[in-house]
Every structure is written in C-alpha cells, then in structure tokens.
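A.B. asks: First the structure, then my questions, so here it is.
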Amino acid sequence: MQIAKRLYLYKDLFRVFVWREFTIRYRQSIIGVLWAIIQPLSMMALFTFIFSYVLKLKVADYPHTIFFYSGLLPWIFFSSSLNYSIPSLTNHYDLITKIYFPREILPLSGISVAFIDYVIASLIFAIILAAYKIHITWNVVWLIPLFILLLFFTIAVSLFLSSVNVYYRDVKLATGFLIQAWFFASPVMYSIDQLNVKFKLILFLNPLTFIIENMRRCVIEGRSVVLWQFVLVGIIITIFYLLSYKFFIKTERDFADVI
Amino acid sequence: MLSDVIVELKNVWKKYSIRDMFHRSLREDFINIFRGNKCDLKEDEFWALKNINISLGERECVGLYGPNGSGKTTILKLISSVTYPTRGEVTVKGRVAPLIAVGAGFHPDLTGRENIYMNGTIIGMTLKEIREHMAEIIEFSELEKFIDMPVKKYSSGMYLKLGFSIAIHSSAEILLIDEILAVSDESFQKKCIGKIKDIKSNKAMVVVSHNRALMEQIVDRIIFLEEGEIKNLHLVINK
Numbered sequence: 028m029q030i031a032k033r034l035y036l037y038k039d040l041f042r043v044f045v046w047r048e049f050t051i052r053y054r055q056s057i058i059g060v061l062w063a064i065i066q067p068l069s070m071m072a073l074f075t076f077i078f079s080y081v082l083k084l085k086v087a088d089y090p091h092t093i094f095f096y097s098g099l100l101p102w103i104f105f106s107s108s109l110n111y112s113i114p115s116l117t118n119h120y121d122l123i124t125k126i127y128f129p130r131e132i133l134p135l136s137g138i139s140v141a142f143i144d145y146v147i148a149s150l151i152f153a154i155i156l157a158a159y160k161i162h163i164t165w166n167v168v169w170l171i172p173l174f175i176l177l178l179f180f181t182i183a184v185s186l187f188l189s190s191v192n193v194y195y196r197d198v199k200l201a202t203g204f205l206i207q208a209w210f211f212a213s214p215v216m217y218s219i220d221q222l223n224v225k226f227k228l229i230l231f232l233n234p235l236t237f238i239i240e241n242m243r244r245c246v247i248e249g250r251s252v253v254l255w256q257f258v259l260v261g262i263i264i265t266i267f268y269l270l271s272y273k274f275f276i277k278t279e280r281d282f283a284d285v286i
Numbered sequence: 002m003l004s005d006v007i008v009e010l011k012n013v014w015k016k017y018s019i020r021d022m023f024h025r026s027l028r029e030d031f032i033n034i035f036r037g038n039k040c041d042l043k044e045d046e047f048w049a050l051k052n053i054n055i056s057l058g059e060r061e062c063v064g065l066y067g068p069n070g071s072g073k074t075t076i077l078k079l080i081s082s083v084t085y086p087t088r089g090e091v092t093v094k095g096r097v098a099p100l101i102a103v104g105a106g107f108h109p110d111l112t113g114r115e116n117i118y119m120n121g122t123i124i125g126m127t128l129k130e131i132r133e134h135m136a137e138i139i140e141f142s143e144l145e146k147f148i149d150m151p152v153k154k155y156s157s158g159m160y161l162k163l164g165f166s167i168a169i170h171s172s173a174e175i176l177l178i179d180e181i182l183a184v185s186d187e188s189f190q191k192k193c194i195g196k197i198k199d200i201k202s203n204k205a206m207v208v209v210s211h212n213r214a215l216m217e218q219i220v221d222r223i224i225f226l227e228e229g230e231i232k233n234l235h236l237v238i239n240k
C-alpha cells in the first residue's frame, strides 16, 4: 500500500483537490448536483424506450428500467472516472512543472468526484428498487467487495492512461472512442446470460463484465457471487493495479520535463 | 555560518531536449530503453546545468543571479523535486515551499479565501495551519474587501499579493523564491522584503531575481550562473 503512504503526507492537498473538483463543477450551474443523477436516469429512459418499444426485445425477466440502471451505475462511475483522470495531469501543466506533490492525487481526485456521483446515483437506485418492490436479500452485501474491485480496476486504468497521456496526447484523443468501444464490450445494455460459452469467455476478458454482471445479480436477483470467480478476477485486477502503479511512479519523475 | 547543511547539490548535471514532444517516436524511445546511456548528448539536447555544486545551510539565504536560461529556475526545480538530475545528487532535508510563480494552482472560479486553501495545501501547508494563519494571510495581502470574490476578477497585482501572502506564511524549512518580488507595486514590495528579512532568521532560502540591488538587500551570498555553470563563486555580502 505504497499509495496510501505517499498520500498520507499530502492528505490535506488531496481533500482540497476533491473539494475543488466537486465545487467547481457545479458552480454557475442551476441544478448543480442533480446533474449526477440526470445522466444515469436519462440513459436508463433511452435504453428502456429503445429496447421495449423500438426493438421490442426482452433483455431480462424483470423491468428494463432497473436492468439498465443497475448496469449504468458502475459503468458511469468507470467512464466518468476515465474522462476526468486521463487529461488531469496535462490539464495541471502549471502545477506539475512548478511544484512537487504525489502526482497520483490528480487522477485520483477525478475518480473521487466520480465516486461522489456514484453514491448519489445509488441512492436514487435504492428508491427505484423500492418502487418496483424488488426483494433484496443479504447477498446485496456483495456490492461492497465488487465495488472495491471496480475501484481498483478504475484506478489502475486511470493511472496508466493518464501517465501515458503526458507523453503521447494520442491517449486523450482516443479517450472518447475507447470509452465508447468499452461500453459495448461491457454488459450494460445486454446480459451475457443468453450468449454461448465462446462469447462469454471473450467478454470475460474485460473485468467490467464480471463486475457489472455480478452487481446486477446480487442486487436485483438476490444471488450470490461465485467465490472462485471473485478471487480469480481479484487477483487479475490486483496484478494489473500493481503494475500500473509501478509504471506511474516510474514515469512520474519525468513528467515535469516531458509534459 | 556554521549551521547544518540542509540542501546540497553535488556534481549535478541536467540535460534537456530542444525537441518538441510531438516529434518523438516510439521506435526511438524503445531503442533508448535498451541503450540506457544517459550521459551522451544527442544533437538536439543540451546541458541546462553543468557540474553544479551548491550547499545551503539551515538558516542561510542564497541568491542565484544570471541571465535568462542560465539554469536558475532549473536549480529551484531540482531542490523542490519537480525534476531530477541527469547525473549527480540532490539532497534536501526538510520541507520545501516553492514560490516559483506565485499563485500556482489558483483557480479562477474560486474566491480568494477558497484559493488560500487551494494554494496553501499545494505549497505543503496543512488545513490546520491554513486556518490558523487565515487572518494573518488576508491581512498581509491587503485584500480584506475582495477576499470572497472569485479571483478571476482580480488584477494581476492582487493575484500576486495574495500568492505571496500565502507563501510567506508557510511553515516549510526551505523557501524558494523565484522572481516574484519584481512585479508588485513599490510599497507592497517593501513590505515583502521586510517580511522576508523577518522570517530569514529561521529558514533557509534560495532567491532568484534579475534585480541585483533588491537581491543584495536580502541574501547572504550570491551565486552567479552562466549557461548552466557557476561562474563566480559565492560573492559574500557582509552585513
């Protein structure tokens, strides 16, 4: 947990950064924090409309609204984290070339803001679930370890891509496309249940597949997570996180010279 | 001047590239990983610092003087660990508050007060320290009336005053002051110099300025730099 040690000394700076990102985003905006729930809600409405009325497809045995919303929650956390964090280092050019602080504070504060949005949007989800009278079981507790996996995976991707972006701005240019492609590779608007084994295996190469599918299962269907699968994905994500953080620390020394 | 050495640069060399990053190629980067020879100078590279040796005592105030591009700011960046030497060693014992460009991290949409928190934490103060010094900082800046206004509406002079007031209240042991005295109005400048002289007794300082007379008022000795080399060793100003 080298990251915690590095951040501890600068915990006040980190707090201020998160606070700043959060207040600035909603300053001079009329509805402010409501934006955090407008995105998932409107996407949910759109998907429900398209699948229920335009394509007339049945994607789940329960209401489409909660099916889509449950997938959109982790997805929006992941995608907006990337959107904030990838350009975060290059946006703070003036700070990086002048003052030292652990650089990961910049991408991490972007992720923290996405997390605040996630929490707000989750509260709405709880209301929606109650409205549909979904039976919640104890397996809902699985959400916490699943979210920790999601968090570490998001940090790993963010640290790696934001660092590479310092060297090659191509990353920033590719972000929109990358996120869009990743969206279709993740089971947000479909479920992998109906797919054959070959496609399932391919989709499971994307750690988000496991996370999103299981988050949906443990909340809506009240099913638990297969432990060995969880451990396997956990190990893969941990390795990826460690490599990515190491890469970040190594490249960080040159940020001021190449940015 | 028998205090402990708090900052030391030992045979420090620093290489920079003239090239714009957009022209670098992956292929070349890849080859460089395997070559790993950092000390050869390629055609588009130059030494920003050549064999620099500086040591700074605990309560010493040193001025760096020289034309543009002589490596003054690079030295400050090395001391504050913003960048690292290509060769040689930089040792720093203590917290560094870099005043390189006052007001770094000011966000235009935040108010003066909010930016004190922002900028204060950036230069390494804790929130507790900032709260304790808040009144002093505002008073020193002479901006009481405007402190709850977004800084995008500030003039550049006000920007500077606020930035300097924050920096001067930092509790770091080492202060780096880069060309920040020259810009504000005369009365505020005098006040700043007075304040620097006050806090000098318990801090180490490195001052960069093009204003020789101003520098001589503050520093204990001046190091002359030219094209990345120390020219005239340590002119001592007796006071």
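Taken in order, these protein sequences are the chains called A and B.
As numbered in my numbering, residues 28 to 286 make up the first sequence, in order.
As numbered in my numbering, residues 2 to 240 make up the second sequence, in order.
Positions of the beta carbon are idealized from the N, C-alpha and C atoms, including for glycine.
Model, not experiment: these values are computed from the prediction.
Could you give the distance in angstroms between the alpha-carbon of S81 (chain B) and the alpha-carbon of G121 (chain B)?
C.D. replies: 16 angstroms
A.B. asks: Could you tell me the distance, in whole angstroms, from the CA atom of N54 (chain B) to the CA atom of S202 (chain B)?
C.D. replies: 24 angstroms
A.B. asks: Got a sec? Which residues, its chain only, sit under 6 angstroms from I151 (chain A) by beta carbon, not counting five neighbours each side?
C.D. replies: I64
A.B. asks: Using beta carbons (cut-off 7 angstroms, strictly below), is I55 (chain B) in contact with chain A?
C.D. replies: no
A.B. asks: With a Cβ-Cβ cutoff of 7 angstroms, do I139 (chain B) and E145 (chain B) count as a contact?
C.D. replies: yes
A.B. asks: May I ask you to list the residues that DSSP assigns as paired with P114 (chain A)?
C.D. replies: In DSSP, P114 (chain A) forms no bridge with anything.
A.B. asks: Measure from the alpha carbon of L7 (chain B) to the alpha carbon of each residue in B:H211, B:R96, B:T74, then state which is nearest.
C.D. replies: The question names Leu, yet the displayed sequence has Ile at residue 7 (chain B). Closest option to I7 (chain B), Cα to Cα, is B:R96.
A.B. asks: E61 (chain B) lies in the beta strand (DSSP E); which residues open and close that run?
C.D. replies: Here E61 (chain B) belongs to no beta strand (DSSP E), and DSSP marks it neither H nor E.
A.B. asks: For Y35 (chain A), collect the residues of the same chain with a Cβ closer than 8 angstroms to its Cβ; drop the 5 residues on either side in sequence, then sort them by chain order.
C.D. replies: none
A.B. asks: Exposed or buried, which one is E187 (chain B) when buried takes at least 16 other CB atoms within 10 Å?
C.D. replies: Exposed, because fewer than 16 other Cβ atoms sit within 10 Å of the Cβ of E187 (chain B).
A.B. asks: Step through the CB atoms of chain B and report whether any lies within less than 7 angstroms of the CB of Y127 (chain A).
C.D. replies: yes
A.B. asks: Given that a residue counts as buried once 16 or more other Cβ atoms are within 10 Å of its Cβ, and exposed if not, what is I175 (chain B)?
C.D. replies: buried
A.B. asks: Spatial neighbours of H134 (chain B) within its chain, please: CB distance less than 7 angstroms, with the 5 preceding and 5 following residues excluded, ordered by chain position.
C.D. replies: H170
A.B. asks: Which one or two residues does DSSP pair with P129 (chain A) in a beta bridge?
C.D. replies: P129 (chain A) pairs with nothing; no bridge assigned.
A.B. asks: Determine, for H24 (chain B), whether the minimum Cβ-Cβ distance to residues of chain A falls below 7 angstroms.
C.D. replies: Below a pLDDT of 50, predicted positions are generally treated as unreliable, and H24 (chain B), at 46, falls in that range; no measurement from the model is reported.
A.B. asks: Using DSSP's beta-bridge definition, name the partner residues of S18 (chain B).
C.D. replies: B:E46
A.B. asks: Mind reading off the beta-carbon distance from I224 (chain B) to L65 (chain B)? Whole number of angstroms is fine, and I expect it under 8 angstroms.
C.D. replies: Contact between I224 (chain B) and L65 (chain B) holds, with the beta-carbon distance rounding to 5 angstroms and staying under 8 angstroms.
A.B. asks: Which runs of the alpha helix (DSSP H), 4 residues or longer, sit entirely within the region 232-282 of chain A?
C.D. replies: 234-243, 254-279
A.B. asks: Taking C-alpha atoms, which residue in A:S213, A:V167, A:F74 lies nearest to R250 (chain A)?
C.D. replies: A:V167
A.B. asks: Would DSSP call F225 (chain B) helix, strand or coil?
C.D. replies: strand
A.B. asks: With a threshold of 16 other CB atoms inside 10 Å of the CB of G195 (chain B), please say whether the residue is buried or exposed.
C.D. replies: exposed
A.B. asks: Once the 5 residues before and after L3 (chain B) are set aside, which same chain residues still bring their CB inside 7 angstroms of it?
C.D. replies: A caution first: L3 (chain B) carries a pLDDT of 48, below 50, which makes its placement in the model unreliable, though a value can still be read off. Once the five neighbours on either side are set aside, L3 (chain B) has no close Cβ partner at all.
A.B. asks: Within 10 angstroms of its Cβ, does N12 (chain B) collect 16 or more other Cβ (buried), or is it exposed?
C.D. replies: exposed
A.B. asks: Nearest to I143 (chain A) by CA position, among A:F41, A:V60, A:F204, is which residue?
C.D. replies: If we check each option's Cα against that of I143 (chain A), A:V60 comes out closest.
A.B. asks: Against chain E, which members of the region 103-134 of chain A pass a CB distance test of less than 9 angstroms?
C.D. replies: Absent here is chain E; the protein component of the structure consists of chains A and B.
A.B. asks: Short check: CB of I206 (chain A) to CB of S106 (chain A), under 7 angstroms?
C.D. replies: yes
A.B. asks: Under 8 angstroms Cβ to Cβ from I231 (chain B), same chain only, skipping five residues before and after it: list those, please.
C.D. replies: Result list for I231 (chain B): I53, N54, I55, I224, F225, in chain order.
A.B. asks: With a threshold of 6 angstroms on Cβ separation, who are the neighbours of I286 (chain A) within its own chain once the five nearest residues in sequence on each side are excluded?
C.D. replies: Y120, I123, V193
A.B. asks: Residues of chain B with a CB under 9 angstroms from the CB of L68 (chain A): which are they?
C.D. replies: In chain order: nothing, as chain B lies at least about 27 angstroms away.
A.B. asks: For Y118 (chain B), is the classification buried or exposed, using 16 other Cβ atoms within 10 angstroms of its Cβ as the cut-off for buried?
C.D. replies: buried
A.B. asks: For a contact meaning CB atoms closer than 7 angstroms, what does G106 (chain B) contact in chain A?
C.D. replies: Within chain A, the C-beta atoms nearer than 7 angstroms to that of G106 (chain B) come from L122, in chain order.
A.B. asks: Chain B partners of A283 (chain A), CB-CB under 8 angstroms?
C.D. replies: K78, V83, T84
A.B. asks: Return no unless some Cβ of chain B is closer than 7 angstroms to the Cβ of V260 (chain A).
C.D. replies: For V260 (chain A), the answer is no, since every Cβ of chain B falls outside 7 angstroms of its Cβ.
A.B. asks: For V184 (chain A), which residues of its own chain have a beta-carbon under 7 angstroms away from its beta-carbon, when the five flanking residues on both sides are left out?
C.D. replies: L109, listed in sequence order.
A.B. asks: Label K160 (chain A) either buried or exposed according to how many other C-beta atoms from any shown protein chain fall within 10 Å of its C-beta, with 16 as the threshold for buried.
C.D. replies: exposed
A.B. asks: Output, in chain order, the set of chain A residues within a Cβ distance shorter than 9 angstroms of I219 (chain B).
C.D. replies: Those within 9 angstroms of I219 (chain B) in chain A number zero; the least Cβ separation is about 21 angstroms.
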